[in-house]
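Only one structure is covered here, and it is reproduced in the block below.
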Amino acid sequence: MARLALNKVALWAATLTACVTAQNTCDTVASRTSISILKTLSIDYNTAQTEYWSTSCGDLKPTCILEPETPEEVAAILSILHENNETFAIKSGGHNPNNYFASVDGGPLISTKKLNEIIFDAGSETVRVGPGNRWDEVGAQLDATGYTVVGGRIGNVGVGGYLLGNGLSFMSTEYGWAANSILEATVVLANGSIVTASETNNYELWMALKGGGNNFGIVTSYLLQAYQQGDIWGGNLEFDATPENTAALLTALRNFTENYTDGKAGIIMTAERTLVTVVDIWILFLYYNGPEPPQGVFDSFLAIKPTINSCKTQRYSDLLSGNNWAVIKGSVYTIGTETMPLPSKEDGPEIMQAVYDHWVNVSDTAKFVPGLIASIAFQPMPKRIAQIAKSKGGDMLDLDDDVDRIIVELDYSFLNKADYDQIDLTMRATYNGIGDLVKDYQQSGLLPSDVYLPIFMNDGFYPQDYFGRLRPEKLQLAQKVQAEVDPDGFWKERTAGFKIPAS
Numbered sequence: 006m007a008r009l010a011l012n013k014v015a016l017w018a019a020t021l022t023a024c025v026t027a028q029n030t031c032d033t034v035a036s037r038t039s040i041s042i043l044k045t046l047s048i049d050y051n052t053a054q055t056e057y058w059s060t061s062c063g064d065l066k067p068t069c070i071l072e073p074e075t076p077e078e079v080a081a082i083l084s085i086l087h088e089n090n091e092t093f094a095i096k097s098g099g100h101n102p103n104n105y106f107a108s109v110d111g112g113p114l115i116s117t118k119k120l121n122e123i124i125f126d127a128g129s130e131t132v133r134v135g136p137g138n139r140w141d142e143v144g145a146q147l148d149a150t151g152y153t154v155v156g157g158r159i160g161n162v163g164v165g166g167y168l169l170g171n172g173l174s175f176m177s178t179e180y181g182w183a184a185n186s187i188l189e190a191t192v193v194l195a196n197g198s199i200v201t202a203s204e205t206n207n208y209e210l211w212m213a214l215k216g217g218g219n220n221f222g223i224v225t226s227y228l229l230q231a232y233q234q235g236d237i238w239g240g241n242l243e244f245d246a247t248p249e250n251t252a253a254l255l256t257a258l259r260n261f262t263e264n265y266t267d268g269k270a271g272i273i274m275t276a277e278r279t280l281v282t283v284v285d286i287w288i289l290f291l292y293y294n295g296p297e298p299p300q301g302v303f304d305s306f307l308a309i310k311p312t313i314n315s316c317k318t319q320r321y322s323d324l325l326s327g328n329n330w331a332v333i334k335g336s337v338y339t340i341g342t343e344t345m346p347l348p349s350k351e352d353g354p355e356i357m358q359a360v361y362d363h364w365v366n367v368s369d370t371a372k373f374v375p376g377l378i379a380s381i382a383f384q385p386m387p388k389r390i391a392q393i394a395k396s397k398g399g400d401m402l403d404l405d406d407d408v409d410r411i412i413v414e415l416d417y418s419f420l421n422k423a424d425y426d427q428i429d430l431t432m433r434a435t436y437n438g439i440g441d442l443v444k445d446y447q448q449s450g451l452l453p454s455d456v457y458l459p460i461f462m463n464d465g466f467y468p469q470d471y472f473g474r475l476r477p478e479k480l481q482l483a484q485k486v487q488a489e490v491d492p493d494g495f496w497k498e499r500t501a502g503f504k505i506p507a508s
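What the sequence shown shows, in this note's numbering, is residues 6 to 508, in sequence order.
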């Protein structure tokens, strides 16, 4: 009993010490700087916590929310954090649903909301963009210039984490990953120094940032290549998920990925299922960089006769904001991913159907979880994206153009945090099962076996081994840069996210 009492006292003392340390961080920032601070119980604090896509992240309560406006203010915060051992997080738009990746419980949250510059330079055809913006805000401000940048396909997505995860865009088949258009990044390192990373200055850091996540510093602005942009065509097609429609859509998506003759076209093909399959549909997000797509671009999808077709000529910024309907606020949300080689035309129907059926079967095991919405997205990754990425200096994913690929995105949203453990297992079973299917088809010869299949960071579930799936030389680069810019492991020990394994 005495030992139990001592243990309780020690636990209480440790908890009290942690709380005091966390409080001291926020108090110290308040006493030493003029940085904006949102305190618990304030209206602005509570509003900021509702901006997460997942309520599970919003339910994690930071001791305060710090809103720096300059790189120097970010450096001041890091200097204060070095005086304690408290964990913290950095938040851009809050769309990453992994707990603690952009959220924190009991430590300070550094919000980039006020690092929100959008400065267009017509002479250099560049835009300087702060990480605190969302892509619909960037698009709306650039709309009158006749230019845009490669960014998110849903406007509500934040700039910062999206670019650090490489960023897949409707425009990727024209211009590569979004990160391939980063010409320069201003970065505050762990020691508080402010550096510029570009192809000609701190080259290895510049490369590591493009798909390297939050392991190297806090980016306070990106200089992005801008591209001329007029009216575009896009919107959604909706289909009932009948067996006939599903087979036809999967075949159309496979063929579209292999025969990607028009880089101005973009597509996400998603299937959605809700509780006890009350809703069982396909929703396609279509995009064409022009007022109307030429005949033949999307004909194979339109021929399946959608029940709803909202596609029209519009401004690009309107398409992004219009896609915000897909953001399901008020639910716990999880995301996972897997990458697969594109099957041949002959074997495509069997393999694509097997992946879809696996998702259906696994999601059925959780169909009685209140508010469950299960989603799978087939995202084409044709060879041309790898070719463009290489021509622009490359990135951490370093895809080759030997094969076409499909990036599979998996989403489960549900109402109650109490069901998180069950959905955690459901998510793992879903992407692990798809990975097993790919391996089985490779062993049988129906899929190519000698294929590099990294995972896409922006879609990754927290236990997935992002860095372990990179090419060895890219992992070594990440380790080298980390050792140079963060030798004490500040980011690795004090923040969550996909972390670089020790060399």
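Even for Gly, the Cβ is constructed at its ideal location relative to N, Cα and C.
These numbers were taken from a predicted model, which means no experiment stands behind them.
Check whether residue i and residue j have beta carbons under 8 Å apart
{"i": "THR153", "j": "GLY144", "result": "yes"}
{"i": "TYR512", "j": "ARG410", "result": "Here the chain comprises residues numbered 6 to 508, so residue 512 is not present and cannot be evaluated."}
{"i": "VAL284", "j": "TRP58", "result": "no"}
{"i": "MET401", "j": "LYS479", "result": "yes"}
{"i": "VAL193", "j": "GLY163", "result": "no"}
{"i": "ASP464", "j": "GLY271", "result": "no"}
{"i": "THR312", "j": "PHE244", "result": "yes"}
{"i": "MET357", "j": "VAL443", "result": "no"}
{"i": "THR38", "j": "GLU78", "result": "yes"}
{"i": "GLY197", "j": "SER84", "result": "yes"}
{"i": "GLY239", "j": "TYR292", "result": "yes"}
{"i": "ILE510", "j": "ARG139", "result": "Residue numbering for the chain in the displayed model covers 6 to 508; residue 510 lies beyond these limits and cannot be assessed."}
Inter-residue spacing [alpha-carbon to alpha-carbon] between residue i and residue j
{"i": "THR131", "j": "ILE124", "result": "8 Å"}
{"i": "ILE95", "j": "SER305", "result": "43 Å"}
{"i": "ALA394", "j": "PRO387", "result": "12 Å"}
{"i": "TYR181", "j": "THR30", "result": "It is Gly, not Tyr, that sits at residue 181 in the sequence shown. Going from the Cα of GLY181 to the Cα of THR30 covers about 41 Å."}
{"i": "ARG499", "j": "LEU169", "result": "18 Å"}
{"i": "THR251", "j": "LEU458", "result": "25 Å"}
{"i": "SER186", "j": "PHE373", "result": "44 Å"}
{"i": "LEU86", "j": "THR92", "result": "9 Å"}
{"i": "VAL34", "j": "ILE40", "result": "7 Å"}
{"i": "ALA308", "j": "GLN484", "result": "49 Å"}
{"i": "ASN220", "j": "PHE106", "result": "12 Å"}
{"i": "LEU228", "j": "ASN314", "result": "36 Å"}
{"i": "GLN28", "j": "GLY112", "result": "In this prediction, GLN28 scores a pLDDT of 45, lower than 50, which makes its location untrustworthy; the coordinate-derived value is nonetheless stated afterwards. Cα to Cα, the separation comes out at about 8 Å."}
{"i": "ASP491", "j": "ALA195", "result": "6 Å"}
{"i": "ASP110", "j": "GLU56", "result": "16 Å"}
{"i": "PHE461", "j": "ALA391", "result": "14 Å"}
{"i": "LYS350", "j": "ARG474", "result": "27 Å"}
Three-state class that DSSP yields for residue i in the structure shown
{"i": "CYS69", "result": "strand"}
{"i": "TYR152", "result": "strand"}
{"i": "THR370", "result": "coil"}
{"i": "THR266", "result": "coil"}
{"i": "SER326", "result": "helix"}
{"i": "TRP496", "result": "helix"}
{"i": "ARG139", "result": "strand"}
{"i": "VAL134", "result": "strand"}
{"i": "GLN28", "result": "Note on GLN28: pLDDT 45, under 50, position unreliable in the model; the coordinate value appears next. In this structure, GLN28 counts as helix in the three-state DSSP scheme."}
{"i": "THR513", "result": "Here the chain has residues from 6 to 508 only, and residue 513 is not among them."}
{"i": "TYR467", "result": "coil"}
{"i": "LYS44", "result": "strand"}
{"i": "GLU122", "result": "coil"}
{"i": "PHE244", "result": "strand"}
{"i": "ASP110", "result": "coil"}
{"i": "ARG158", "result": "coil"}
{"i": "ASP396", "result": "Just to set this straight, residue 396 is Ser in the shown sequence, not Asp. Three-state result, SER396: helix."}
Limits of the alpha helix (DSSP H) - the one that residue i falls within
{"i": "GLY440", "result": "425 to 449"}
{"i": "TRP211", "result": "208 to 214"}
{"i": "TYR180", "result": "177 to 180"}
{"i": "LYS96", "result": "That residue, LYS96, is in no alpha helix (DSSP H); its beta strand (DSSP E) goes 94 to 96."}
{"i": "VAL332", "result": "Note, VAL332: premise wrong, no alpha helix (DSSP H); not H, not E."}
Residue from the options whose Cα sits closest to the Cα of residue i
{"i": "THR178", "options": "ALA501, PRO385 and VAL134", "result": "PRO385"}
{"i": "ALA149", "options": "ALA127, ARG139 and LEU169", "result": "ALA127"}
{"i": "SER47", "options": "ASN294, ASN463 and LYS66", "result": "LYS66"}
{"i": "GLY217", "options": "SER336, VAL109, VAL486 and PHE373", "result": "VAL486"}
{"i": "ALA371", "options": "GLU414, ASP429 and GLY327", "result": "ASP429"}
{"i": "SER418", "options": "PRO76, ASN103 and GLU77", "result": "ASN103"}
{"i": "PHE472", "options": "ILE505, ASN138 and ASP416", "result": "ILE505"}
{"i": "LEU173", "options": "ARG139, HIS363, ILE412 and TYR227", "result": "ILE412"}
{"i": "GLN469", "options": "ALA308, THR435, LEU114 and LEU377", "result": "THR435"}
{"i": "THR75", "options": "GLY156, LEU43 and GLY135", "result": "GLY135"}
{"i": "LEU71", "options": "LYS118, ALA359 and GLY63", "result": "LYS118"}
{"i": "GLY156", "options": "THR256, LEU324 and VAL360", "result": "LEU324"}
{"i": "LEU242", "options": "LYS317, SER116, LEU43 and SER108", "result": "LYS317"}
Extent of the continuous beta strand (DSSP E) run through residue i
{"i": "THR318", "result": "317 to 319"}
{"i": "GLY301", "result": "That residue, GLY301, is in no beta strand (DSSP E); it is neither H nor E in DSSP."}
{"i": "TYR57", "result": "No beta strand (DSSP E) holds TYR57; DSSP gives it neither H nor E."}
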